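A.B. asks: Going by our numbering, the sequence shown opens with residue 17, and the numbers climb by one from there.
Backbone N, C-alpha and C fix where the C-beta goes; we use that ideal spot for every residue, glycine too.
Note that the coordinates shown come from a computational prediction; the quantities given were computed from them, not determined experimentally.
Below are the structure tokens for one structure; questions will follow.
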Amino acid sequence: MLPKIVIIGRPNVGKSSLMNLLANRRVSIVEPTAGVTRDRISTVIELPQVYRNKKTQHAELIDTGGYGLTDNMDLTPQIERQIAKGLGEADLVLFIVDAQSGITTLDQTVARLIRTSGANTPVLLVVNKVDSQHHEAQAYEAMQLGFGEPAMVSAITGHNKHDFYERILDSIDFDQFKQDADSDDDPTDTGPLIALVGKRNAGKSTMVNALAGEQRVIVSEIPGTTRDSVDVRFEIDGKTFTAIDTAGVRKTKSLDGDIEYYSMHRSLRSVRRADVCLLLIDSSLRISQVDKKLVNEILEHHRPTVIVVNKWDLAKKTSNQDDYVEYLDKQLQGLSFAPIVFTTASEGKGMREAIGMAMNLYEQARHRVPTSELNNVVQAVLSQGSPRSKLGKQPKIYYATQVDVDPPTIALFVNVPDLFDSNYIRFFINRLREELAYSEVPIKVLVRGRQGIPDDAEEKL
């Protein structure tokens, strides 16, 4: 169990920058436009005890949307509910204000909200944008908010960073969060990372909430509601998983400004860092170029993928599953090996099946085949069909070995690498799927000359 640190403040005080500083990586999109962060974004952080010469402590850091945001998407009530939820579960509140703009009426409103929330939670007042000692004098103005002496920091430059860490460490009694000595559970373990990707309004946020068992991210019929990639930990049958809710992908020429550009690239980066992808297809719409773009991204990075046909309650009136699978095979070429699950996320239907299949792919991608077994399979495949010879040369495979997992990566040591073209490699991979224990995940094949054969090759056969 980890203590939860929740960041609260009005828009444009630098909450996302502060989260990135504490996480020591880019977790949230940082943009001067108000309202970029809308959901509760969380990550596990390390708090090094630099001045105490003690072990690093861990905590879950949660960023919330800016309080008092007004926008044209009518999401303000949902953002404020997310803030209230964050306040209710916090073990420490970081109340952020801006040294350079001074204390505003909205800051005072946030202060009243915290005091009247009913949560008996420690509050650390943090004055951000203290870029130098010159701004420290202005920072003391924040004491009028009634939360004592503020911690001063610059999330952008890192000024006073280590003192800021110390103030956080002093504000939390980490002893009450110690694990049972007999427990093998790692509170920082995220479990398999499962990225939910798809075009806008495919139902990704609805599915994340169904998996988490709570309104963890904002759901709206308005396209573009989710902007950041949001990590949400959940458990099924005692196993921990982390779902990554991503912004909906759209055509590049349709992107509206920097925020949408960064959101889309965050989504594509989530594909690369995920252990398994759930590719959500809106069954009420036809497959689009955006869907195919995501398939190409998945194939390029060899990510195990479950095709999740969502909103099936709408499509099943005019189609059946067999016909729809045939339709997907024609439209999503290259992913014919990926399993398909039909869901209705709004009703919670198919959630366990989707996660169960994702776990199966997670294990397949990490399976390693013994070298002797692999070479037997390779020889059997060759007997069924070998590459066409060129210039009178007969293609030969001398030795095969699995050199990596996730994705399963097979190295083939051959007489003439150029004889093994892309068409034959596709045939070869498809045959491997039929014979080996990773039939539903991407397989990577490397073709090498015979001079690279390991010295101990014969011992492994």
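(1) Pick helix, strand or coil for L330, following the three-state DSSP scheme.
(2) Tell me where the beta strand (DSSP E) around V22 begins and ends.
(3) If we count the other Cβ atoms within 10 Å of its Cβ and call it buried at 16 or more, is G84 buried or exposed?
(4) Give the DSSP-derived three-state secondary structure of A488 in the structure shown.
(5) Using beta-carbon positions only, say whether V325 and Y340 come within less than 8 angstroms of one another.
(6) Does the count of Cβ pairs from the segment 163 to 176 and the segment 217 to 226 closer than 8 angstroms reach three?
(7) On the CB-based measure, 16 or more other CB atoms within 10 Å of its CB, does D186 come out buried or exposed?
(8) Considering only C-alpha positions, which residue in the set K255, V463, I314, T321 is nearest to Y454?
(9) Let's test the definition: count the other Cβ atoms within 10 Å of the Cβ of Q305 and tell me whether it reaches 16, buried, or not, exposed.
(10) What are the start and end residues of the alpha helix (DSSP H) that includes S33?
(11) Could you check the C-alpha separation between E76 and T59 for me, to the nearest Å?
(12) When we look at the beta-carbon of G118 and count the other beta-carbons within 10 Å, is it buried (16 or more) or exposed?
(13) Thinking T120 and R26 are a contact (beta carbons under 8 angstroms), I'd like their distance in whole angstroms, please.
(14) Is the segment 208 to 215 in contact with the segment 290 to 307, if contact means three or more CB pairs nearer than 8 angstroms?
(15) Please state the DSSP three-state secondary structure of H482.
(16) Tell me which residue opens and which closes the alpha helix (DSSP H) that L377 is part of.
(17) Which of the three DSSP states, helix, strand or coil, is assigned to I314?
(18) Alpha carbons only, please: which of L301, Q349, W328, I184 is nearest the one belonging to E313?
(19) Can you say whether R442 is buried or exposed, counting buried as having 16 or more other CB atoms within 10 angstroms of its CB?
(20) Considering just the uninterrupted stretch of the beta strand (DSSP E) at V143, what are its terminal residues?
(21) If you draw a straight line from the C-alpha of K255 to the C-alpha of E157, how long is it?
(22) Output the distance between the C-alpha atoms of F436 and E316, rounded to the nearest integer angstrom.
(23) If we ignore side chains and look at the alpha-carbon of each, how far apart do E182 and G229 end up?
(24) Is the CB of I184 under 8 angstroms away from at least one CB in chain C?
(25) Applying the criterion that 16 or more other CB atoms from any shown protein chain within 10 Å of the CB defines a buried residue, is K70 buried or exposed?
(26) From the DSSP output, read off the bridge partner residues of M159.
(27) I459 and I445: beta carbons closer than 8 angstroms?
(28) Please name the residue in K309, P355, D298 whose C-alpha comes closest to that of A331.
C.D. replies: Taking the structure as given:
(1) helix
(2) Taken as a continuous stretch (DSSP letters only), the beta strand (DSSP E) holding V22 covers 20 to 24.
(3) Classification of G84: buried, given that the 10 Å Cβ count is 16 or more.
(4) Within the shown structure, residues of the chain are numbered from 17 to 477, placing residue 488 beyond reach of any answer.
(5) yes
(6) no
(7) The residue in question, D186, is exposed, as its Cβ has fewer than 16 Cβ neighbours within 10 Å.
(8) T321
(9) Exposed, because fewer than 16 other Cβ atoms sit within 10 Å of the Cβ of Q305.
(10) 31 to 39
(11) 6 angstroms
(12) exposed
(13) 7 angstroms
(14) yes
(15) Because the chain in this structure spans residues 17 to 477, residue 482 falls outside the shown range and cannot be described.
(16) 367 to 381
(17) helix
(18) From the listed residues L301, Q349, W328, I184, the smallest Cα separation to E313 is found for Q349.
(19) exposed
(20) 139 to 144
(21) 48 angstroms
(22) 20 angstroms
(23) 35 angstroms
(24) Although the question refers to chain C, the structure presented lacks it and comprises just one protein chain.
(25) By the 16-neighbour rule on beta-carbons within 10 angstroms, K70 is exposed.
(26) As computed with DSSP, M159 is found in no beta bridge at all.
(27) yes
(28) D298
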